[in-house]
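Report on the following structure.
Residue numbers (this note's numbering), protein chains in the order written: chain U, 3 to 12; chain H, 636 to 847.
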């Protein structure tokens, strides 16, 4: 998945 | 952003600040594994390359920068400024035993075979095991100062709270990140034994945590 939500997490 | 995520981030930040201030104020890094701290700096560096590619929020950017700066500052204190107090004798965990398999796994299991995605996966896998040199050191010397155990408690609590965050996100947003969740579970399991000792010996006992 290229989910941008992943980059929201630290 | 939910309460578990926020509490997890705060817990992570508290852990890192506790460690930095402990070393700074006591002018000593006795009992601290420099190797674990180098691994954490490597974790943040490889994960936060997305600072260059995607903007999420001011909160996101600032927190990432704070984690990066504090992790490198901690490494600087251990290996440069207070290197006289660094216990290299007992910080003898072989990090290649972690780096080689973690690198291999990141190439095998990732969301896309691109440099950034492989580095992101590498950072997630490495974070799961980065504390092992520190836990190894405590096992070897048989004791840890209470402030070091508080650091470990908040560091362990952070990933446990992220697990709750992922359960929450799965139910509210349908968001599920397999790599992060599996690694997060593994990471939290590593702390379980420590959590038990922390509650039974540090909180109920006095000062130092000594192993039987």
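Heads up, the beta-carbon is just placed ideally off N, CA and C, and yes, glycines get one too.
Among the options, whose alpha-carbon lies nearest the alpha-carbon of residue i?
| i | options | result |
| --- | --- | --- |
| residue 757 of chain H | H/682, H/846, H/670, H/711 | H/682 |
| residue 794 of chain H | H/827, H/774, H/752, H/689 | H/827 |
| residue 772 of chain H | H/831, H/727, H/677, H/676 | H/727 |
| residue 742 of chain H | H/733, H/657, H/754, H/731 | H/754 |
| residue 8 of chain U | H/836, H/823, H/832, H/815 | H/815 |
| residue 752 of chain H | H/641, H/834, H/688 | H/688 |
| residue 745 of chain H | H/764, H/825, H/818 | H/818 |
| residue 658 of chain H | H/644, H/732, H/710 | H/710 |
| residue 676 of chain H | H/733, H/749, H/706, H/759 | H/706 |
| residue 759 of chain H | H/651, H/670, H/822 | H/822 |
| residue 671 of chain H | H/738, H/780, H/734 | H/734 |
| residue 669 of chain H | H/737, H/813, H/730 | H/730 |
Examine chain U for any beta-carbon lying closer than 7 Å to the beta-carbon of residue i, and answer yes or no.
| i | result |
| --- | --- |
| residue 689 of chain H | yes |
| residue 828 of chain H | no |
| residue 698 of chain H | yes |
| residue 722 of chain H | no |
| residue 726 of chain H | no |
DSSP three-state label for residue i, please.
| i | result |
| --- | --- |
| residue 762 of chain H | helix |
| residue 636 of chain H | coil |
| residue 808 of chain H | helix |
| residue 845 of chain H | strand |
| residue 798 of chain H | helix |
| residue 671 of chain H | helix |
| residue 771 of chain H | helix |
| residue 694 of chain H | helix |
| residue 729 of chain H | coil |
| residue 746 of chain H | coil |
| residue 752 of chain H | helix |
| residue 721 of chain H | coil |
| residue 681 of chain H | helix |
| residue 699 of chain H | helix |
| residue 666 of chain H | coil |
| residue 689 of chain H | coil |
For residue i, collect the residues of the same chain with a Cβ closer than 8 Å to its Cβ; drop the 5 residues on either side in sequence, then sort them by chain order.
| i | result |
| --- | --- |
| residue 805 of chain H | 811 |
| residue 647 of chain H | 702, 789, 790, 793 |
| residue 807 of chain H | 637 |
| residue 653 of chain H | 782, 785, 786, 789 |
With a CB to CB cut of under 6 Å and the five nearest residues on each side skipped, what residues in its chain are close to residue i?
| i | result |
| --- | --- |
| residue 702 of chain H | 679 |
| residue 778 of chain H | 843, 845 |
In this structure, what does DSSP give as the bridge partners for residue i?
| i | result |
| --- | --- |
| residue 779 of chain H | H/844 |
Give every residue of the same chain whose Cβ lies closer than 7 Å to the Cβ of residue i, excluding the five residues on either side of it in the sequence, and list them in chain order.
| i | result |
| --- | --- |
| residue 686 of chain H | 696, 699 |
With a threshold of 6 Å, establish whether the CB of residue i neighbours any heavy atom of the ligand SAH.
| i | result |
| --- | --- |
| residue 777 of chain H | Here there are no bound small molecules, and the ligand SAH is not part of this structure. |
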